[in-house]
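The next block holds one structure in the form of structure tokens; read it before the comments.
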Amino acid sequence: MSDTPQKERFLRLSDVMARTGLSRSSIYLSISKGNFPQNINLGSRSVGWLESEIDTWIQTRIDKRSTAS
130 MSDTPQKERF
140 LRLSDVMART
150 GLSRSSIYLS
160 ISKGNFPQNI
170 NLGSRSVGWL
180 ESEIDTWIQT
190 RIDKRSTAS
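Here the sequence shown is numbered in this note's numbering, starting from 130 and rising by one per residue.
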């Protein structure tokens with residue numbers, strides 16, 4: 130097992146939509162409400178999300194389902 134940190138990766142909107150099952154408008158609405166990870170500007174017309182933050186958001190939803198039962 131290696132002690133080197135895992136490299137961070139940016140996900141584009143299409144990747145985030147595929148991973149979460151949310152639409153574009155749902156993602157941006159959730160961001161504005163503070164319920165979804167904030168996007169990061171990558172360029173003048175380009176944004177991305179940190180893969181680790183999306184993974185954490187997904188895991189949080191799974192954990193909430195498990196504790197709600």
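All C-beta atoms in this analysis are idealised placements derived from N, C-alpha and C, irrespective of residue type, glycine included. Since the model is a prediction, treat every value here as computed from it, not as a measurement.
- Looking at I183, G177, G172, the one whose alpha-carbon comes closest to that of N164 is I183.
- Contact check for G177 against F139 passes: the beta carbons are separated by less than 8 Å.
- Taken through DSSP and simplified to helix, strand or coil, S175 comes out as strand.
- In this structure, M146 sits away from S154, with a CB-CB distance that is not shorter than 8 Å.
- Looking at the DSSP output, L140 bridges to W178.
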